[in-house]
Amino acid sequence: MVPQPLPGRPGLVGVLALQGDFLEHLRLLGSLGAEGREVRVPADLADVSSLIVPGGESTTMSLLLGTSGLLEPLRRRLAEGMPALGTCAGMILLAAEIVDGRPDQHCFGAIDISVRRNAFGRQRDSFEADLDVDGLVLPLHAVFIRAPVVERVGPDVEVLATVRMGDGQEKPVVCRQGPVLVSSFHPELVGDARLHELFLETQPRTRKDHVRAL
Ligand code: GLN
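Rendered as structure tokens:
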């Protein structure tokens, strides 16, 4: 079922700002008229109503989640159903299982998928492709940089886009489960805000904005 946009505006969007390309996400949010906040310490989470986990290096982010004290508060908020968007390393951190992560690497289990890091092999570490994504009218130009693929999707996960691997198999690269949306690639790097729009469209609105929209 395609979720319908809700009236009003989304609340404050937290962007995990420990490492990676969080500034690009904040820029895209700005271009959509949404308010973003860098999240570096637990207090930054206080009034955010959703979270973006950027691309970067998931092992480093995992380490910094521990030292910043954000690991448990974030785990709690996500378990309570906070909407989240994860791109590339962000997808890895939001997944239920990392197939070949470091043994001490954390993931939040916010979406029922298993991901394989750096799945495109050495000769294809980085590539670009135009992808058909369910819910978007025109193809999305996707930049894959040492990207993960999804090896398993749970029964409640929708696959919105796939990519053909070297061995001919189609693997999911955009998935959604309820309020959690993830992509293997970096829409934030090409300045295409449509995946962010898709994410924001179905989020709970602030009460004030909801009233204003009626
Ligand atoms: N390979 C990286 C990791 O494991 C992800 C790369 C990216 O975010 N571009 O975290």
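Each residue of the sequence shown is one higher than the last, beginning at 3 in our numbering. All residues carry an ideal CB built from backbone N, CA and C; glycine is no exception.
Secondary structure of residue i, DSSP reduced to three states
i: Thr-62; result: helix
i: Gly-68; result: helix
i: Leu-138; result: coil
i: Arg-39; result: strand
i: Phe-201; result: helix
i: Pro-12; result: strand
i: Gly-22; result: coil
i: Asp-132; result: strand
i: Asp-169; result: coil
i: Glu-190; result: helix
i: Arg-121; result: At residue 121 the sequence reads Ala, which differs from the Arg that was named. Note: Ala-121 maps to coil in three-state DSSP.
Any non-hydrogen atom of the ligand GLN within 7 Å of residue i CB
i: Ser-60; result: yes
i: Ala-19; result: no
i: Gly-88; result: no
i: Arg-178; result: no
i: Arg-166; result: no
i: Arg-119; result: yes
i: Ala-149; result: yes
i: Gly-83; result: no
i: Ile-54; result: no
i: Ala-131; result: no
i: Gly-57; result: yes
i: Ala-91; result: yes
i: Ile-94; result: yes
Pairwise C-alpha distance: residue j and residue i
i: Ala-86; j: Leu-96; result: 8 Å
i: Val-4; j: Val-182; result: Its pLDDT being 48, under 50, Val-4 is placed unreliably by the model, and nothing is read from it.
i: Ala-2; j: Ser-64; result: With the chain represented from 3 up to 216, any question about residue 2 goes unanswered, as that position is not in the structure.
i: Arg-119; j: Phe-146; result: 12 Å
i: Ile-28; j: Leu-138; result: The sequence shown places Leu at residue 28, rather than the Ile named in the question. Cα-Cα distance, rounded: 21 Å.
i: Pro-174; j: His-143; result: 16 Å
i: Val-161; j: Asp-46; result: 32 Å
i: Gln-205; j: Val-184; result: 15 Å
i: His-108; j: Gly-170; result: 31 Å
i: Pro-110; j: Ala-195; result: The amino acid at residue 110 is misidentified as Pro; the sequence shows Phe. Computed Cα separation, rounded: 25 Å.
i: Met-84; j: Ile-94; result: 17 Å
i: Pro-141; j: Leu-133; result: 5 Å
i: Asp-106; j: Met-167; result: 28 Å
C-beta contact flag for residue i and residue j at 8 Å
i: Pro-41; j: Gly-58; result: Here residue 41 turns out to be Val, not Pro, going by the sequence shown. It is not a contact, given that the beta carbons lie outside the stated cut-off.
i: Cys-177; j: Val-192; result: no
i: Pro-56; j: Glu-190; result: yes
i: Asp-136; j: Ala-98; result: no
i: Leu-202; j: Pro-12; result: yes
i: Val-165; j: Ala-131; result: yes
i: Asp-114; j: Val-159; result: yes
Subject >> Inter-stretch contact (C-beta, 8 Å, three-pair minimum) for the region 62-82 and the region 24-37 >> reply: no
Original post:
On the three-pair Cβ rule with 8 Å, is the region 148-162 touching the region 77-94?
Top reply: yes
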